[in-house]
Amino acid sequence: KGEVGGPAFAKATAGKGGKYEAGELGLNKIAKKLGNPLVANTAGLGFIFRILGFELRILEEQIKEEFGKNQEILKLNLEAVRKGYEVGVSCGLWDVGRVVRVRVGKTIVNLTGNEALVEGILKADCGFAAIYPMTPINSILAMLTRSKVQVFRPEDEIAGIMAAIGASYAGKRAMVATSGGGFSLMIEGMGMAGTAEIPIVIIVGQRTGPSTGMATFSSQADLNFAIFGGHGEFPRIVLSPGDLKEAFFLGAEAFNLAEHYQVPVILLTDKYLAESRFSVDKEELEKIRNSVDRGKLVEGFEGDGGFGCKRYEFTKDGISPRAFPGQTAFLTNSYEHDEYGFSSDEVENRKKMMKKRMRKLSGLEGGYGRYGENGAKTTLVGWGSTKEIILDFLKDHQEFNYLHIWRPWPFPKEAEEILKKSKRIVCVEGNFSGQMADMIERLIFRKVERVLKDDGRPFFKRELEARLIK
22 KGEVGGPAFA KATAGKGGKY EAGELGLNKI AKKLGNPLVA NTAGLGFIFR
72 ILGFELRILE EQIKEEFGKN QEILKLNLEA VRKGYEVGVS CGLWDVGRVV
122 RVRVGKTIVN LTGNEALVEG ILKADCGFAA IYPMTPINSI LAMLTRSKVQ
172 VFRPEDEIAG IMAAIGASYA GKRAMVATSG GGFSLMIEGM GMAGTAEIPI
222 VIIVGQRTGP STGMATFSSQ ADLNFAIFGG HGEFPRIVLS PGDLKEAFFL
272 GAEAFNLAEH YQVPVILLTD KYLAESRFSV DKEELEKIRN SVDRGKLVEG
322 FEGDGGFGCK RYEFTKDGIS PRAFPGQTAF LTNSYEHDEY GFSSDEVENR
372 KKMMKKRMRK LSGLEGGYGR YGENGAKTTL VGWGSTKEII LDFLKDHQEF
422 NYLHIWRPWP FPKEAEEILK KSKRIVCVEG NFSGQMADMI ERLIFRKVER
472 VLKDDGRPFF KRELEARLIK
């Protein structure tokens with residue numbers, strides 16, 4: 022008991038009666054010997070790298086990159102990190118040889134959720150991004166600005182989504198990125214894209230609301246807003262990655278879905294996933310395959326009586342061939358329209374056009390992941406960034422299984438059938454009311470228990486154990 026000042030590293034060994042004895046590691050002594058108390062931190066970093074099983078050269082390369090402009094400071098920090106690493110060796114706290122053998126031939130990359138998302142966006146060959154700065158998507162703007170993507174920083178979010186819709190109409194894969202307040206301003210534009218059948222990707226970084234709320238804290242409270250936001254009814258797809266691999270995959274797949282089905286695709290991330298760092302095997306990311314699917318396109322000139330192509334042609338699957346300016350004559354219209362795009366408020370046309378639009382997503386499959394034993398007594402349901410902590414919880418509690426929903430809307434049909442057969446369902450969400458739980462109850466007409474948290478912080482394993490283990 023008591024307080025520790027300075028670098029709080031200590032070696033703990035088992036003593037008599039199962040008690041632990043702690044001794045100072047001597048990091049401050051290293052710093053004092055080197056003549057600069059600040060390098061105790063660098064020595065501590067070397068110590069941590071050793072006990073985690075990382076190679077010293079990796080840290081040395083980072084230090085050279087950071088302090089390379091000042092040779093005196095560089096030499097001092099390299100010496101400190103080496104001595105800290107040696108402390109880890111002398112303590113014998115970790116079987117580094119075992120860890121290194123496991124890691125032979127592997128490259129571990131450390132990324133934020135936003136960085137993984139941008140990698141997916143670039144892989145999708147995105148051509149245009151309109152982004153008004155807003156936490157937690159600012160780093161997406163910064164990274165895309167340094168890429169081949171044409172980036173437009175608009176005066177507000179309304180201008181941003183309209184510019185992206187225009188770019189998509191012209192033939193580029195287009196996106197916007199924002200958070201709750203900015204998404205509120207984009208809603209009418211999203212409705213325009215929905216009725217005009219113009220593909221658009223909308224990335225929404227959730228943070229604690231309403232209003233400005235707690236702008237630098239996380240949340241999962243925008244699910245209902247993403248699914249139901251907008252006046253009138255139009256099809257849309259809502260995605261929500263739970264880890265780096267899903268952020269990478271869905272960052273690319275969002276564009277395929279938007280263009281294949283000609284709908285707005287909303288990708289919900291959150292402050293925790295967007296700006297926290299995670300490690301992943303680079304090979305696991307490279308295994309993810311995303312081919313570019315631009316959907317049905319008009320080939321050559323297809324005209325009829327001088328009116329050009331039927332931009333909104335009635336088809337069996339509801340998806341009409343899409344054309345770009347310069348290919349052929351066609352009309353794009355955000356008013357209700359007929360097959361050619363001419364405005365029409367006739368009753369029969371309205372009925373047919375609504376049915377056409379609303380059946381476009383009927384063929385969607387997948388959208389979920391299943392973990393744990395099929396016959397478990399309790400099925401946990403989560404979406405977005407709760408994934409990692411629930412999987413960690415599952416390692417020690419095999420009496421639970423887990424259904425991870427990475428496409429909350431349309432809700433996966435297969436997942437719905439699984440839940441109908443589940444003995445007990447508990448939904449884990451970072452919001453006040455349990456928005457996913459509400460949706461599941463409406464779908465399967467069963468009571469869904471809730472483990473909820475709405476204080477801006479992520480879930481911790483001990484919290485799940487306290488609330489789920491009885």
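With my numbering applied, the sequence shown corresponds to residues 22 to 491, in that order.
Backbone N, C-alpha and C define an ideal beta-carbon position, used for all residues, glycine too.
Quantities reported herein were computed from a predicted structural model and do not represent experimental measurements.
Inset, instruction - Go ahead and pull the three-state DSSP assignment for D302. - result: Along the sequence shown, one-based indexing puts residue 302 at 281. The answer is strand: DSSP assigns D302 an E or B state.
Legend entry - Same chain only: Cβ atoms within 7 angstroms of G326, ignoring 5 sequence neighbours per side: As a working note, residue 326 is residue 305 in the sequence shown. Here the model assigns G326 a pLDDT of 48, short of 50, so the residue's position is not dependable and the matter cannot be decided.
Legend entry - Coil, strand or helix - A163 by DSSP: For the purposes of this step, residue 163 is taken as residue 142 along the sequence shown, with counting starting at 1. Helix, per DSSP.
Legend entry - Local Cβ density within 10 Å of T128, reported as buried at 16 or more and exposed below that: In the sequence shown, counting from the first residue as 1, residue 128 sits at position 107. Exposed: under 16 other Cβ atoms inside 10 Å.
Legend entry - Distance, R332 Cα to T349 Cα: As a position in the sequence shown, residue 349 is number 328, starting the count at 1. As a position in the sequence shown, residue 332 is number 311, starting the count at 1. Cα to Cα, the separation comes out at about 10 angstroms.
Legend entry - Helix, strand or coil at D291 according to DSSP, with G and I counted as helix: The sequence position of residue 291 within the sequence shown is 270, counting from 1. Here D291 sits in strand by DSSP.
Legend entry - Residue burial classification, Q419 (beta-carbon count within 10 angstroms, cutoff 16): Indexing the sequence shown from 1 puts residue 419 at position 398. Label assigned to Q419: exposed.
Inset, instruction - Following the continuous alpha helix (DSSP H) through N131, name the residue where it begins and the one where it ends. - result: Within the sequence shown, residue 131 is the residue found at index 110, counting from 1. Careful: N131 lies outside any alpha helix (DSSP H), inside the beta strand (DSSP E) at I129 to T133.
Inset, instruction - Per DSSP, which residues does M196 bridge with? Please list them. - result: As a working note, residue 196 is residue 175 in the sequence shown. In DSSP, M196 forms a bridge with A150 and V222.
Legend entry - Selected residue, minimal CA-CA separation from L412, among F363, K444 and E486: Within the sequence shown, numbered from 1, the residue matching residue 412 stands at position 391. Looking at the Cα atoms, E486 is the closest of the given residues.
Legend entry - Contact check, L524 vs G405, beta carbons under 8 angstroms: The chain is shown from 22 up to 491; residue 524 falls before or after that span and cannot be answered.
Inset, instruction - Determine the direct distance from the alpha carbon of F453 to that of P262, and round the result to whole angstroms. - result: Locating residue 262 in the sequence shown gives position 241, counting from the first residue. Locating residue 453 in the sequence shown gives position 432, counting from the first residue. Distance between the alpha carbons of P262 and F453 is about 20 angstroms.
Inset, instruction - Take R445 as the anchor and find which of L401, F270 and A188 has the nearest alpha-carbon. - result: Here residue 445 refers to the residue found at position 424 of the sequence shown. Here the closest residue by C-alpha is L401.
Legend entry - Where N277 falls, given that 16 or more other Cβ within 10 Å makes a residue buried: As a first step, residue 277 is located in the sequence shown; it is residue number 256 there, counting from the start. That one is buried.
Legend entry - When E254, N57, N370 and G393 are compared against H425, the one with the closest alpha-carbon: Along the sequence shown, one-based indexing puts residue 425 at 404. Here the closest residue by C-alpha is G393.
Inset, instruction - With distances taken Cα to Cα, identify the nearest neighbour of I158 among P231, K169 and G134. - result: For the purposes of this step, residue 158 is identified with residue 137 of the sequence shown, where counting begins at 1. Residue G134 is the option with its Cα nearest to I158.
Inset, instruction - Helix, strand or coil for I248, going by three-state DSSP, please let me know. - result: Here residue 248 refers to the residue found at position 227 when the sequence shown is read from its first residue. I248: helix per DSSP, three-state reduction.
Inset, instruction - Please determine if the stretch 251 to 265 and the stretch 180 to 188 are in contact, where contact requires at least 3 C-beta pairs separated by less than 8 angstroms. - result: no
Inset, instruction - Can you give me the start and stop residues for the alpha helix (DSSP H) that E178 sits inside? - result: In the sequence shown, residue 178 corresponds to position 157, counting from 1. Note, E178: alpha helix (DSSP H), E178 to A191.
Inset, instruction - Could you tell me whether the Cβ atoms of P346 and A191 are closer together than 8 angstroms? - result: Counted from its first residue, the sequence shown places residue 346 at position 325. Counted from its first residue, the sequence shown places residue 191 at position 170. Closer than 8 angstroms, so yes.
Legend entry - Assigned exposure category for S443 - 16 Cβ within 10 Å defines buried: Taking the sequence shown and counting its residues from 1, the one referred to as residue 443 is at position 422. So S443 ends up on the buried side.
Inset, instruction - Please look up how many angstroms separate the CB atoms of A214 and P285, rounded, as I've assumed it's under 8 angstroms. - result: As a working mapping, residue 214 is identified with position 193 in the sequence shown. As a working mapping, residue 285 is identified with position 264 in the sequence shown. Contact flag correct, Cβ pair sits at about 5 angstroms.
Inset, instruction - Find the nearest neighbour of P231 within the set A273, D243 and I223, judged by alpha-carbon distance. - result: Here residue 231 refers to the residue found at position 210 of the sequence shown. Answer by Cα proximity: D243.
Legend entry - Beta-carbon gap between A195 and V172 smaller than 8 angstroms: Here residue 195 refers to the residue found at position 174 of the sequence shown. Here residue 172 refers to the residue found at position 151 of the sequence shown. Cβ distance not < 8 angstroms, so A195 and V172 don't count as in contact.
Legend entry - Top-ranked residue by Cα proximity to C330, from D338, K482, P342 and K337: Counting from one through the sequence shown, the residue named residue 330 turns up at place 309. Selected option, being the one with the closest Cα: P342.
Inset, instruction - With DSSP collapsed to three states, give me the class of N49. - result: In the sequence shown, counting from the first residue as 1, residue 49 sits at position 28. N49: helix per DSSP, three-state reduction.
Inset, instruction - May I have the straight-line CA-CA distance separating D338 from E82, to the nearest angstrom? - result: Taking the first residue of the sequence shown as position 1, residue 338 is located at position 317. Taking the first residue of the sequence shown as position 1, residue 82 is located at position 61. Each residue's alpha carbon lies about 55 angstroms from the other.
Legend entry - Limits of the alpha helix (DSSP H) - the one that G56 falls within: Looking up residue 56 in the sequence shown gives position 35. Note, G56: premise wrong, no alpha helix (DSSP H); not H, not E.
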